[in-house]
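J.:
Number of protein chains: 2
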Amino acid sequence: MSVKMNLNCPIPQLDFDRITLGHGSGGVLTHKLLDSGVFDLLSNEILDKKHDGAFLNLEGEVAMSTDSFVVNPVFFPGGDIGELAINGTVNDLAMCGAIPKYLSLAFIIEEGLLMQDFWNILVSIKAAAERAGVKVVTGDTKVVERGKGDQIFINTTGIGTIHPKAKISDTHIKTGDKIIVSNSIANHGIAIMSVREGLEFETEILSDTCALNEPVLQLIENFADGIHVMRDPTRGGLGTVLAEIAKDQKIGIDIAQTTIPVEEQVNGACELLGLDPLYVANEGVFITIVDGSIANEVCEQLKVFDTCAKASIIGEIVDDHKGQVIIQSAIGGRRVVNMLPGEQLPRIC
Amino acid sequence: MSVKMNLNCPIPQLDFDRITLGHGSGGVLTHKLLDSGVFDLLSNEILDKKHDGAFLNLEGEVAMSTDSFVVNPVFFPGGDIGELAINGTVNDLAMCGAIPKYLSLAFIIEEGLLMQDFWNILVSIKAAAERAGVKVVTGDTKVVERGKGDQIFINTTGIGTIHPKAKISDTHIKTGDKIIVSNSIANHGIAIMSVREGLEFETEILSDTCALNEPVLQLIENFADGIHVMRDPTRGGLGTVLAEIAKDQKIGIDIAQTTIPVEEQVNGACELLGLDPLYVANEGVFITIVDGSIANEVCEQLKVFDTCAKASIIGEIVDDHKGQVIIQSAIGGRRVVNMLPGEQLPRIC
Numbered sequence: 032m033s034v035k036m037n038l039n040c041p042i043p044q045l046d047f048d049r050i051t052l053g054h055g056s057g058g059v060l061t062h063k064l065l066d067s068g069v070f071d072l073l074s075n076e077i078l079d080k081k082h083d084g085a086f087l088n089l090e091g092e093v094a095m096s097t098d099s100f101v102v103n104p105v106f107f108p109g110g111d112i113g114e115l116a117i118n119g120t121v122n123d124l125a126m127c128g129a130i131p132k133y134l135s136l137a138f139i140i141e142e143g144l145l146m147q148d149f150w151n152i153l154v155s156i157k158a159a160a161e162r163a164g165v166k167v168v169t170g171d172t173k174v175v176e177r178g179k180g181d182q183i184f185i186n187t188t189g190i191g192t193i194h195p196k197a198k199i200s201d202t203h204i205k206t207g208d209k210i211i212v213s214n215s216i217a218n219h220g221i222a223i224m225s226v227r228e229g230l231e232f233e234t235e236i237l238s239d240t241c242a243l244n245e246p247v248l249q250l251i252e253n254f255a256d257g258i259h260v261m262r263d264p265t266r267g268g269l270g271t272v273l274a275e276i277a278k279d280q281k282i283g284i285d286i287a288q289t290t291i292p293v294e295e296q297v298n299g300a301c302e303l304l305g306l307d308p309l310y311v312a313n314e315g316v317f318i319t320i321v322d323g324s325i326a327n328e329v330c331e332q333l334k335v336f337d338t339c340a341k342a343s344i345i346g347e348i349v350d351d352h353k354g355q356v357i358i359q360s361a362i363g364g365r366r367v368v369n370m371l372p373g374e375q376l377p378r379i380c
Numbered sequence: 032m033s034v035k036m037n038l039n040c041p042i043p044q045l046d047f048d049r050i051t052l053g054h055g056s057g058g059v060l061t062h063k064l065l066d067s068g069v070f071d072l073l074s075n076e077i078l079d080k081k082h083d084g085a086f087l088n089l090e091g092e093v094a095m096s097t098d099s100f101v102v103n104p105v106f107f108p109g110g111d112i113g114e115l116a117i118n119g120t121v122n123d124l125a126m127c128g129a130i131p132k133y134l135s136l137a138f139i140i141e142e143g144l145l146m147q148d149f150w151n152i153l154v155s156i157k158a159a160a161e162r163a164g165v166k167v168v169t170g171d172t173k174v175v176e177r178g179k180g181d182q183i184f185i186n187t188t189g190i191g192t193i194h195p196k197a198k199i200s201d202t203h204i205k206t207g208d209k210i211i212v213s214n215s216i217a218n219h220g221i222a223i224m225s226v227r228e229g230l231e232f233e234t235e236i237l238s239d240t241c242a243l244n245e246p247v248l249q250l251i252e253n254f255a256d257g258i259h260v261m262r263d264p265t266r267g268g269l270g271t272v273l274a275e276i277a278k279d280q281k282i283g284i285d286i287a288q289t290t291i292p293v294e295e296q297v298n299g300a301c302e303l304l305g306l307d308p309l310y311v312a313n314e315g316v317f318i319t320i321v322d323g324s325i326a327n328e329v330c331e332q333l334k335v336f337d338t339c340a341k342a343s344i345i346g347e348i349v350d351d352h353k354g355q356v357i358i359q360s361a362i363g364g365r366r367v368v369n370m371l372p373g374e375q376l377p378r379i380c
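Going down the list, the protein sequences come from chains A and B.
The first sequence begins at 32 in our numbering and counts up one residue at a time.
The second sequence begins at 32 in our numbering and counts up one residue at a time.
1) Looking at the secondary structure, which residues open and close the beta strand (DSSP E) in which A:M126 lies?
2) Contact defined as beta carbons within less than 8 Å: I believe A:G180 pairs with A:I223. What is the distance between those atoms, to the nearest angstrom?
3) Let's see if you can read the secondary structure: which residues bound the beta strand (DSSP E) around B:N186?
4) Once the 5 residues before and after B:C40 are set aside, which same chain residues still bring their CB inside 6 Å of it?
5) If we call anything under 9 Å between Cβ atoms a contact, is B:Q280 one with B:D201?
6) Using the C-alpha atoms, what's the distance from B:D46 back to A:S324?
7) Taking just the CA atoms, how far does A:H82 sit from B:V335?
8) Is there contact here, the stretch 115 to 132 of chain A with the stretch 182 to 189 of chain A, by at least three beta-carbon pairs under 8 Å?
9) How should A:I117 be labelled, buried or exposed, when 16 other C-beta atoms within 10 angstroms of its C-beta is the threshold for buried?
10) Considering only C-alpha positions, which residue in the set B:L303, B:G170, B:Q44 and B:A277 is nearest to B:V368?
11) Grab the span of the beta strand (DSSP E) containing A:E21 for me, first residue to last.
12) Considering only heavy atoms of the ligand MN, does any lie closer than 8 Å to the CB of A:E314?
13) Find out if the Cβ-Cβ distance for the pair A:G371, B:G57 is shorter than 9 Å.
14) The beta strand (DSSP E) that contains B:A137, what's its start and end?
15) Please name the residue in B:R266, B:I284, B:E235 and B:F317 whose C-alpha comes closest to that of B:E295.
16) Would you kindly report the start and end of the unbroken beta strand (DSSP E) that includes B:V69?
17) Using 9 Å as the threshold, is the C-beta distance between B:D256 and B:H203 below it?
18) How long is the line joining the alpha carbons of A:G220 and B:G55, rounded to whole angstroms?
19) Can you pull the chain A neighbours of B:M370, defined as C-beta to C-beta under 8 Å?
20) Sort B:M95, B:L60 and B:S238 by Cα distance to B:V102 and report the nearest one.
21) Are the CB atoms of B:S135 and A:M95 nearer to each other than 9 Å?
22) Report the option in A:V293, A:I42 and A:P195 whose CA atom is closest to the CA atom of A:E92.
23) For A:L376 and A:S225, I'd like the C-alpha separation in whole angstroms.
24) Using 10 angstroms around the beta-carbon of A:E76, count the other beta-carbons present and answer buried if the total reaches 16, otherwise exposed.
25) So which residues on chain B does A:V101 lean against when the C-beta distance must stay under 7 Å?
26) Among B:L115, B:F70 and B:L306, which one has its Cα closest to the Cα of B:V167?
27) Looking only at C-alpha atoms, which of A:A163, A:A300 and A:P104 sits nearest to A:F232?
28) Could you give the C-beta distance for A:G363 and A:V311, rounded to a whole number, given that I count them as a contact under 8 Å?
29) Enumerate in chain order the residues of its own chain whose CB-to-CB distance from B:S215 is below 8 Å, with the five nearest sequence positions on each side excluded.
30) Just checking my contact of B:V247 with B:A125 at CB under 8 Å: how many whole Å lie between their CB atoms?
31) Please report the straight-line C-alpha distance between B:G113 and B:G53, rounded to a whole angstrom.
32) Quick check on A:S96 - is its C-beta less than 9 Å from some C-beta in chain B?
33) So, using beta-carbon positions, are B:F86 and A:I193 closer together than 9 Å?
34) If we define contact as Cβ-Cβ less than 9 Å, is B:F184 a contact residue for chain A?
35) In the DSSP assignment, find the unbroken beta strand (DSSP E) run with B:L87 in it and report its ends.
36) Under 9 Å Cβ-Cβ, which residues of chain B neighbour A:N88?
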């Protein structure tokens with residue numbers, strides 16, 4: 032929970048403590064809900080117009096990305112659904128080489144949601160949007176009957192302008208390129224799973240949810256067309272993303288297990304739960320495939336950011352086993368990394 | 032159901048007939064679902080890139096709008112949730128004076144949804160997008176457990192470019208302006224309600240769901256700054272929208288009940304259900320507030336469109352009872368029209 036922010040943004044005085052179907056009617060109750068502090072909290076000169084649509088000024092090429100968030104539980108160690116919804120779409124835009132600018136925000140609320148929970152989520156949204164430097168410019172609120180939803184689902188759709196130096200495309204990948212992962216993997220999935228399974232660890236495992244636009248855009252600024260691909264391994268994890276790229280581009284990928292950063296505790300939890308960290312979701316990690324000649328420098332520049340402290344070169348593009356990812360295990364064996372076949376952890380984001 | 036289109040777009044051969052949690056995993060099953068025909072059906076040069084984000088070219092000022100659709104039932108007389116999701120966002124953009132261009136499309140599916148139903152919804156989305164001249168450029172699919180959703184929820188977020196002649200703003204309203212409603216009201220709400228309540232009528236009452244960008248943009252093209260306001264009275268209906276405008280702009284609005292087009296059968300159903308058509312949702316109607324001198328001409332131009340056949344001047348802005356809407360009833364009495372207080376018909380869109 033966003034306890035820190037709540038101290039600065041106490042919930043307004045209201046004559047209701049739960050959200051009802053009427054709050055989704057489009058009538059007086061909807062206005063009451065939005066005017067209770069929602070608009071004030073997220074205020075900016077575009078949203079303040081309160082029109083059904085937002086008027087934006089954009090220059091240059093534009094990227095658009097959408098994501099719905101259905102994570103369960105909505106509050107988890109290291110974050111909540113509100114923060115996740117902002118960071119997730121910000122990161123999808125950053126992966127396109129775009130500077131995230133504007134977000135829409137749409138709620139589907141199950142009737143009975145505590146206003147205190149909704150408020151905590153909103154405060155978290157506000158803080159995450161400020162950190163990422165994006166504006167929430169338009170929104171929508173629907174309410175469904177009890178048992179027809181699950182507390183709250185959030186859709187964010189984002190617009191960003193493409194960084195003029197970005198030359199990102201899977202087709203730019205070539206043999207000798209290096210693969211870099213920006214931080215330790217599998218934290219988000221394990222943070223969620225540990226709550227669901229009631230696991231306790233010596234120190235709590237926290238979700239890695241964070242906005243990655245700052246480190247990503249600095250790489251583009253400094254290395255331009257040396258950066259060939261960026262991708263955030265969320266659902267499906269690192270393994271699925273790499274397997275996708277290998278298959279789609281018909282290239283061979285070699286990775287080495289010992290170079291992939293995984294926190295000791297996360298590794299332990301994965302063993303306990305029978306999960307392979309390669310397939311566990313991340314919400315604050317990206318991979319980038321870069322020209323081999325700049326890989327070390329990219330890694331060093333990333334490590335300057337707290338959110339990329341464990342950046343590591345984990346493998347390379349090879350002129351062999353096209354369409355496949357091969358991992359060299361810690362004890363020396365080699366095996367194929369396939370896409371996640373089904374659902375490992377449902378409702379992780 | 033979109034029976035007509037299904038003949039042209041038969042569901043592909045699949046080895047599954049229901050959507051499972053795995054289809055939302057981001058792994059192999061998600062790819063299988065999307066590659067089963069979803070991408071082919073909605074194909075365009077931007078979506079085909081299959082990146083997490085879409086790359087767009089936009090010129091001029093831009094509008095953005097978002098809406099989640101949770102209508103129950105998902106198939107209803109005259110439409111379905113897919114068509115509604117396209118038309119709803121297209122219309123929100125049109126109300127901003129924008130030419131709708133690009134949509135994102137995000138599904139939250141309850142596990143167990145029949146693939147045939149999903150396919151019918153997709154086909155309907157395709158047809159609606161084609162009719163409105165918009166492209167679906169990016170998307171997202173999440174699956175939640177049975178009992179944590181309700182078949183399917185859809186979010187669409189749209190981007191459009193502002194028509195260069197559009198000068199739409201509530202602040203342009205002035206005394207003497209006329210209020211025009213583009214077609215008969217209350218059809219959508221009553222179509223939904225009649226299914227839920229098992230009502231039968233001599234001829235079936237159909238939802239009015241349709242895209243309004245064509246008539247709206249023609250008005251802007253022809254009358255430019257003579258068009259002061261456009262608004263689509265969806266949730267909350269005509270009464271709520273007018274009451275909102277009167278309150279926000281501190282202006283007086285007079286309307287006459289006899290001039291408001293309502294189909295006889297819809298009127299009858301409203302009486303039967305104890306509903307006031309003024310508060311029943313529409314999905315293919317807009318109101319416009321225009322300079323008094325052009326009102327008749329606006330009305331005539333609208334009537335050329337099938338979707339605006341019943342366009343009618345229903346009232347005017349007066350220099351009296353500021354902040355209030357007063358309706359003159361058929362038998363001559365006058366009463367205040369307030370906003371819909373709570374939820375009249377939940378999950379109407």
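Idealized CB from N, CA, C, for every residue including glycine.
T.: Working from what's here:
1) Segment I112 to M126 is the alpha helix (DSSP H) holding A:M126; no beta strand (DSSP E) there.
2) Between A:I223 and A:G180 the Cβ distance is about 19 Å, and since that is not below 8 Å, they are no contact.
3) I183 to I193
4) Leaving aside the five residues that flank B:C40 on each side, the residues in its chain whose CB is nearer than 6 Å to its CB run, in chain order, V154.
5) Their beta carbons are under 9 Å apart, which means B:Q280 touches B:D201 by this criterion.
6) 46 Å
7) 28 Å
8) Yes, they touch.
9) With 16 or more other Cβ atoms within 10 Å, it is buried.
10) B:A277
11) Outside the shown range of chain A, which is 32 to 380, sits residue 21 of chain A, and nothing can be said about it.
12) The ligand MN is not part of the structure shown, which contains no ligands of any sort.
13) The sequence as given places Leu at residue 371 of chain A; Gly does not occur at that position. A:L371 is a Cβ neighbour of B:G57, given a cutoff of 9 Å.
14) A129 to E141
15) B:E235
16) B:V69 -> no beta strand (DSSP E), and no H or E assigned at all.
17) yes
18) 15 Å
19) Per Cβ cutoff of 8 Å: G58, V59 and H62.
20) B:S238
21) yes
22) A:P195
23) Answer to the nearest angstrom: the Cα atoms are 11 Å apart.
24) exposed
25) Within chain B, the residues near A:V101 are I139, K173 and V175.
26) Here the closest residue by C-alpha is B:F70.
27) That would be A:A300, whose Cα lies nearest to the Cα of A:F232.
28) Their Cβ separation, rounded to whole angstroms, is 24 Å, which puts A:G363 and A:V311 out of contact at 8 Å.
29) D239, P292, V293, E294, V297, V316 and K341
30) About 4 Å; that satisfies the 8 Å criterion.
31) When rounded, the distance between both Cα atoms is 22 Å.
32) yes
33) yes
34) yes
35) A85 to L87
36) E92 and V93
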